[in-house]
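Here is the structure we will look at, set down as structure tokens.
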């Protein structure tokens with residue numbers, strides 16, 4: 036069984052809105068709902084656990100009822116940071132019964148079904164898998180003083196996306212170890228890497244946009260419009 040986890044408890048400071056961006060309507064449909072609709076249409080996904088801010092829990096319940104998700108979607112209160120939200124979602128009954136866990140950002144509403152299928156296939160083979168894109172710009176490592184330390188080889192670098200897929204027991208071990216050793220990371224794969232377990236990388240897709248800044252919103256509106264015209 037595969038269960039999806041959606042960390043959706045962020046407050047969107049970089050986006051500059053008083054409403055968390057995952058709840059903003061994108062061409063009339065909230066971003067979170069667009070993401071959940073994708074997940075709930077995937078035949079591999081048995082359940083979806085969503086971590087939301089405590090102050091938005093009731094609003095999220097009403098949204099899920101309005102869009103008819105029913106028992107497929109389970110809401111939990113998220114934590115202060117993304118890692119805390121995933122840790123709380125991992126404690127649910129739905130996850131305890133899963134063989135694999137797929138973690139997907141709430142603000143990536145355009146991830147295609149084939150990307151989920153490919154990352155799950157790779158996770159079944161290797162235990163852990165993430166999608167990534169090669170950077171198109173030159174990447175430099177900097178010093179604390181603001182100077183270039185070195186130029187990094189682009190051919191060996193990848194910009195990592197979600198969905199990220201893991202064997203459940205492996206992901207749980209990674210989170211348990213992170214708690215024990217006070218390790219913080221910006222994605223789940225980094226915690227698995229810290230165990231010494233290899234993480235497979237598959238080819239990501241450019242349209243799998245993460246809505247982070249106001250300019251991303253303009254592009255998201257365009258992508259939503261293109262989808263609706265199909």
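Residue numbers (the working numbering): 36 to 265. Ideal placement from N, C-alpha and C gives every residue a C-beta, glycine not left out.
I'd like the list of long-range same chain contacts for residue i, defined as Cβ closer than 6 Å, with 5 residues on each side in sequence excluded.
i: residue 199; result: 138, 165, 223 and 224
i: residue 168; result: 194 and 239
Starting from the C-beta of residue i, find all residues in its chain whose C-beta is less than 8 Å away, skip the five residues before and the five after it, and write them out in chain order.
i: residue 235; result: 157, 158, 160, 161, 163, 164 and 165
i: residue 207; result: 125
i: residue 175; result: 183, 184, 185, 186 and 187
i: residue 251; result: 244 and 245
For residue i, does the three-state DSSP call read helix, strand or coil?
i: residue 272; result: Given a span of 36 to 265 for the chain in the structure shown, any question on residue 272 remains unanswerable.
i: residue 196; result: coil
i: residue 261; result: helix
i: residue 61; result: strand
i: residue 254; result: helix
i: residue 269; result: Outside the shown range of the chain (36 to 265) lies residue 269, about which nothing can therefore be said.
i: residue 249; result: helix
i: residue 190; result: helix
Are residue i and residue j close, meaning C-beta to C-beta below 7 Å?
i: residue 141; j: residue 38; result: no
i: residue 146; j: residue 87; result: no
i: residue 329; j: residue 123; result: Because residue 329 is not part of the residues shown, which for the chain are 36 to 265, the question remains open.
i: residue 56; j: residue 143; result: no
i: residue 68; j: residue 153; result: no
Any heavy atom of the ligand COA inside 6 Å of the beta-carbon of residue i?
i: residue 139; result: No copy of the ligand COA occurs in the structure displayed, which carries no ligand at all.
Give me, in chain order, the residues of the same chain whose beta-carbon lies closer than 7 Å to that of residue i; leave out the 5 immediate sequence neighbours on both sides.
i: residue 104; result: 71 and 75
Taking contact to mean at least 3 C-beta pairs separated by less than 8 Å, is the stretch 204 to 214 in contact with the stretch 176 to 193?
-> no
Below 8 Å, can you find three or more Cβ-Cβ pairs linking the stretch 88 to 104 to the stretch 133 to 151?
-> no
Jot down the residue ranges of each uninterrupted beta strand (DSSP E) in the stretch 128 to 168, minimum 3 residues, whole runs only, in chain order.
-> 135 to 138 and 163 to 168
Let me know the beta strand (DSSP E) ranges lying completely inside the stretch 201 to 242, each 3 residues or longer, listed in chain order.
-> 235 to 238
Entirely within the stretch 68 to 115 and at least 3 residues each: give me those beta strand (DSSP E) ranges in chain order.
-> 80 to 87 and 108 to 112
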